[in-house]
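Single-structure report; data block below.
Number of protein chains: 2
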Amino acid sequence: MLKEKIVIDRSDGRPIHQQIADGVEKLARDGELGAGERLPSIRRLAVLLGVNRNTVAQAYSELERRGSVETRVGSGTYVGGADAAQARERAGGALSAGRARNRPRAGNRGGVEHSLSRRTRSGPDALARLSVTDNVPRIELGGLVPDSDHFPLEDFRVVMNETMAEMGPGILDYGSREGYPPLRAWLANRLREQGASIHEDEIFMLGGSQQGLDLVSKLLFDRGDRIMVESPTYHNAIGVFQLYETELVPVAMDEYGMRPDLLDDELTRRSAKLIYLMPNFQNPTGITMPLARRREVLEVAVRHGIPLLEDHFDADLRYAGEPVASFKALKGHENVLYLGTFSKMLFPGLRLGWLAVPEAFRDPFRKIRTYTDLAPSRLAQVAIHRFCERGLLDEHLERVLAINSGRLQAMLRAMERHFPPDVRWTKPDGGMSLWIELPAQMNAVDLLIEARRAGVNFAPGELFHLDGSGTNSFRLSFTKETEDRIERGIRTIGELIAARMAADAGSRRAESSNILL
Amino acid sequence: MLKEKIVIDRSDGRPIHQQIADGVEKLARDGELGAGERLPSIRRLAVLLGVNRNTVAQAYSELERRGSVETRVGSGTYVGGADAAQARERAGGALSAGRARNRPRAGNRGGVEHSLSRRTRSGPDALARLSVTDNVPRIELGGLVPDSDHFPLEDFRVVMNETMAEMGPGILDYGSREGYPPLRAWLANRLREQGASIHEDEIFMLGGSQQGLDLVSKLLFDRGDRIMVESPTYHNAIGVFQLYETELVPVAMDEYGMRPDLLDDELTRRSAKLIYLMPNFQNPTGITMPLARRREVLEVAVRHGIPLLEDHFDADLRYAGEPVASFKALKGHENVLYLGTFSKMLFPGLRLGWLAVPEAFRDPFRKIRTYTDLAPSRLAQVAIHRFCERGLLDEHLERVLAINSGRLQAMLRAMERHFPPDVRWTKPDGGMSLWIELPAQMNAVDLLIEARRAGVNFAPGELFHLDGSGTNSFRLSFTKETEDRIERGIRTIGELIAARMAADAGSRRAESSNILL
């Protein structure tokens, strides 16, 4: 229906996405699209209308801003926002979906029309779709979070008390913008023991590793710059890079990670400002890049003169196999920015990460770091330093590695047992997540809706793709739940997949018998 | 000399600033400028060459990047960096200042030429000049910092322990991106008691108020946008706004703060994206804007449709007079973003501030806030909330108000006693700083060099100006040092001013007698 009713006229003067948005609103006003009706997926409408997916995404964003549609978590886009639907009920049906666009939005208060920055209008907010919660207790295989039941709170409390007693009130003062020197030295030393060529002067302490992505963006990106990313990649990296109005270029992965031949091809065609990679237990796939591949990728980066950001968010969470050398241990390491965090290997509550910044970038980075939020918490840094120096981090890691390893094995066993044969998954050596591929025609968001109803959460693959692809994939996190609950969660998901497969097969049979008649 | 030797040719093709930079380097190579020689101030060279001050600032930045000059803290720009000078010593003088530009800089490592974002190349880094330290113990009247000797560490330690015991390990987990709800509610309630129209849903907890400036920049600014700021204004606000490649428009102040007539004139000529103001105890001047003036300024803002960012960094530090209503208590408050912090009224070490975001900006702000660094520390927020709810913040404020008030009075008394009659200063009702104006011909940076040698630090006025003006002004902070040390510091500064005045008068006499002869 939409294909015939939404007329795109390239000589119209209005941008295409606006024509689509106006078209949808007109159909809603005319009653051809009912309130609460689900719009086609971005991918599908793009195919129907013969336009780019980004254009449809822009149209849907525009409609959401106007209040004419509502995007529901991992579910889709619906005509008429919740507000509109409620208002319509109150008004006895007098308010049409199309009029819902009159809800308050930027600029219409106090007679002032505010103008936001362009970046606030960039792309759909994948995170908002993921993070809406409905407070239903469920088996959490979605978020990439450690299990707080095992946080070493008592050890940390003792260390925190000692820190305050020893340092006195000055511990609550501003620290330096680079961070607490003994902690920077401790980290540099640990990384050097792992073979990385990192000096403590290179290390800047951050308020978590997400801040590192923001600061590197500030350091390197101008509007329109290109960034090479793994496909799929971390959804919040997509989010922050897009805030800088950059163009993200997805580079396909194979079982060893990003393909250097494709990277080389892309960089030969057009330049880029950064290559962003998670070489260990990649988020979302769990894939670890082997040493030979790392060498190839870095060689391509250096040859094209593009810096590489190595995100080691969960580098220490290895449960099997031998550690692979960091890019910082390889020829060309001067070209690598190295990002780390305490959030995954210890706990996220202190908001502490770090970035190793090669000398070439140091001075401009220092300025950017200061103006962004001055410095990270001194108390948090001094306490964590003491915690690490005491060997408490390593003790904690030992416990967590055993727990996580058991959970990963439990998940793999459960998938073998409960997932139908056509489903494929990765088998990571570490980290927090693995990656599932369903048969091509099966939609993971549809599956997620059913799974949530049945009390299990996971992260749909679309979130980690730039182009609306990955609809038949999803990410499972195995660090938050116990082995028992993982087994139950996987069984539930497996049953739902099997049921959908049976239904699909049924409808195919029905269809083919239809043709035969 | 420089005037004749640096030839500016507008038909040359090279940008003017590059011609100036090349000219300076040529003079250094030819030995006409000796290594270590001080270059004229930006203002002075601009006058000499008949160019804009920004052009000279760009030239000096360019020279610094090339390694040909060195900018020293609050002192000036010198031919040949420290590295170059040392290298020259080692090389027995064989290395000329001009060749010092071969020192490592962005891009020349590993054969890779890196390209930074435009914003990293913006303007001189005022902060770097201010914050370089030489570890000489001195009377600190420079930085705007509370006195850590009076931080309520023991109360905080107790509260922190209770928080951890009560909340369990989950306290170390991620919090929500908006912040800890009870703390947001507590803050909203406190602000409402002060008359502000702020709902808890509007409040986002931040990692300090500097982060608020960064987030508001992301929310509102595109390259080339204009921002109206008080002149003088907070140097780190200048820094972060310039990172977004904006144009800052200084609006002159009188004794009541920013002049609404000038603001109106500016906004009538060309639009802007934001008006940035510190209405209470402004940094650096200490001026508080009276209610009538607030109404006038907000009326202008609303009439032109420009949002106003009200920075209340030290709003609770009032030692005299009655509180003045916040912009959030006035007609047009929907147009106001309100920024606060615990750093000045309590302590800065936890990095906690907040921003009240009116509904019109809420959704885009939420996205930006998440992608920037996910969320502030949960532990810090829960502990501070408990601290505040127990009344410990108010107890602490009572102590600090008495101490700071005594220190402000001590500083005012000392200035009356030790400053020559031609020196003028503000008399704030609160906050942390006051503002000194020397006779017009006297340079505060020159004075600062002498003051530091004599063991006293302050903040030169140029830092707080956009155009290199304010050279005869400086900021004194009265919150960090005891009354005794304030008296000694002011006496030292007073003696130095008097000595310079005598020397100036002497040279004027010498000069006039010269004419008479």
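First to last, the protein sequences are chains W and L. Sequential numbering from 1 applies to the first sequence in this note's numbering. Sequential numbering from 518 applies to the second sequence in this note's numbering. In this text, a Cβ means the ideal position worked out from N, Cα and C, and glycines have one as well.
Nonlocal neighbours in the same chain, by C-beta distance under 8 Å from residue i, ignoring five residues either side
i             : result
residue 181/W : 200
residue 955/L : 939, 940, 961, 964, 989, 990, 991, 1014
residue 621/L : Legend: pLDDT at residue 621/L = 33, less than 50; position of this residue unreliable, value from coordinates given subsequently. So no residue of the chain qualifies.
residue 958/L : 989, 1021
residue 998/L : 656, 657, 658, 664, 924, 1006
residue 401/W : 317, 318, 319
Proximal residues to residue i (C-beta, below 6 Å), its chain only, five neighbours per side dropped
i             : result
residue 315/W : 280
residue 434/W : 286, 425, 426, 428, 476
residue 342/W : 352
residue 55/W  : 16, 17
residue 59/W  : 17, 20, 21
residue 742/L : 763, 790
residue 39/W  : 77
residue 326/W : 196
residue 669/L : 913
residue 191/W : 198
residue 306/W : 272, 275
residue 517/W : At residue 517/W the pLDDT is 48, less than 50, meaning the model places this residue with poor confidence; the figure from the coordinates comes in the next sentence. Around residue 517/W: no qualifying Cβ.
residue 867/L : 897
Cβ-based neighbour list, residue i, same chain, cut-off 7 Å, excluding 5 preceding and 5 following
i             : result
residue 570/L : 559, 560, 563, 984, 985
residue 729/L : 723, 856, 870, 872
residue 173/W : 378
residue 661/L : 800, 949, 950, 994
residue 787/L : 743
residue 808/L : 841, 842
residue 150/W : 399, 400, 403
residue 500/W : 442, 447
residue 936/L : 1011, 1014
Contact under 9 Å by Cβ, residue i with residue j
i             : j             : result
residue 194/W : residue 323/W : yes
residue 811/L : residue 847/L : yes
residue 673/L : residue 900/L : yes
residue 694/L : residue 903/L : no
residue 217/W : residue 243/W : yes
residue 816/L : residue 774/L : no
residue 70/W  : residue 21/W  : no
residue 554/W : residue 336/W : In this structure chain W extends from 1 to 517, so residue 554/W is not present and cannot be described.
residue 215/W : residue 206/W : yes
residue 376/W : residue 175/W : yes
residue 317/W : residue 432/W : yes
residue 972/L : residue 654/L : yes
residue 739/L : residue 362/W : no
residue 542/W : residue 179/W : For residue 542/W there is no data in the structure shown, the boundaries of chain W being 1 and 517.
residue 235/W : residue 33/W  : no
residue 681/L : residue 747/L : no
Expected contact under 8 Å - CB spacing of residue i and residue j to nearest Å
i             : j             : result
residue 477/L : residue 827/L : Beyond the ends of chain L as shown, which are 518 and 1034, falls residue 477/L; an answer cannot be given.
residue 780/L : residue 806/L : Their Cβ separation, rounded to whole angstroms, is 12 Å, which puts residue 780/L and residue 806/L out of contact at 8 Å.
residue 364/W : residue 633/L : 6 Å
residue 721/L : residue 874/L : 6 Å
Any C-beta of chain A under 9 Å from that of residue i
i             : result
residue 372/W : The structure shown contains no chain A; the protein chains it does contain are W and L.
- Task: Decide if the region 482-496 of chain W is in contact with the region 406-414 of chain W; the criterion is three or more beta carbon pairs, one per stretch, under 8 Å apart.
- Result: yes
### Message
For the region 798-808 of chain L against the region 765-783 of chain L, do three or more pairs of beta-carbon atoms, one drawn from each stretch, fall closer than 8 Å, so that the two count as touching?
### Response
yes
Discussion item. Please give the ranges of any alpha helix (DSSP H) in the region 897-945 of chain L, keeping only runs that are unbroken, at least 4 residues long and fully inside the region.
Written reply: 909-935
Contact the region 963-981 of chain L vs the region 872-890 of chain L: 3+ CB pairs below 8 Å: no
Q.
Any contact between the region 150-168 of chain W and the region 772-791 of chain L? By contact I mean 3 or more CB pairs, one from each, below 8 Å.
A. Segments in contact, no.
Problem - Residue ranges of each alpha helix (DSSP H) within the region 2-72 of chain W, 4 or longer - result: 2-5, 16-29, 42-49, 53-66
task: Enumerate, from N- to C-terminal direction, the unbroken alpha helix (DSSP H) stretches of 4 or more residues contained entirely within the region 239-273 of chain W.
output: 260-269
Which runs of the beta strand (DSSP E), 3 residues or longer, sit entirely within the region 936-996 of chain L?
950-954, 990-994
Worksheet entry | Ranges of the alpha helix (DSSP H) found wholly within the region 124-199 of chain W, counting only runs of at least 4 | 126-131, 153-167, 181-193
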